[in-house]
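Below is one structure, written out as structure tokens; the observations come after it.
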Amino acid sequence: MLSRVYGMVLGVGAVGILIGALLFGLRPQAQEAGENEADQVSSSELDLYIGVYTAMQADHDLTLETVLAQRGVPLATFRNIERRVQKQERLVRKVREALQTQAKARAEAMGPPSARADVPAAKAPAAKAPAAKAPAGK
153 MLSRVYGMVL
163 GVGAVGILIG
173 ALLFGLRPQA
183 QEAGENEADQ
193 VSSSELDLYI
203 GVYTAMQADH
213 DLTLETVLAQ
223 RGVPLATFRN
233 IERRVQKQER
243 LVRKVREALQ
253 TQAKARAEAM
263 GPPSARADVP
273 AAKAPAAKAP
283 AAKAPAGK
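Here the sequence shown is numbered in my numbering, starting from 153 and rising by one per residue.
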């Protein structure tokens, strides 16, 4: 009977230790916080990242190495920034939105609105031409 009591006490104690280890083991440690800080992207780094891809988007003949050389940034440094940006979905969305906005603005600046309005009008007669040929063939 005494061995059963000791067995129960030891069992409860072991379960308590396991639960305590799980609860306290899930708390972030100081080392993890340091790693998170190392993965942060500053606003100047994000501006550099967006600026490099904006330049390459504006001139498709540019290479990454050329743009980085113009800005005086080593490739390894840029790849480090890129890795940290890609880890954070919020920053990926921010970069994507910035590049899309700039691409739309560049497209609007390159072509006058009247030229874009003529494109749908040019497609409309082409659609009517086959209909006109069909009755002639009967």
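Glycine included, C-beta positions come from ideal geometry on N, C-alpha and C.
- Residue environment analysis places E241 among the exposed positions, since fewer than 16 neighbouring C-beta atoms fall within 10 angstroms of its C-beta.
- Going by C-alpha positions, E260 is about 31 Å away from G224.
- Q192 is the residue among Q192, N188, M153, R156 whose C-alpha sits nearest the C-alpha of E234.
- Residue state for D211 is assigned as coil, using DSSP reduced to three classes.
- Annotated as distal: V237 and Y205, with beta-carbon spacing of 8 Å or more.
- Counting of Cβ neighbours within 10 angstroms places E197 among the buried residues, the total reaching 16 or more.
- The continuous alpha helix (DSSP H) containing Q252 extends over residues 241-262.
- The criterion of a C-beta distance shorter than 8 Å is not satisfied by L251 and Q222.
- Note on geometry: alpha-carbon atoms of S194 and G203 lie some 14 Å from one another.
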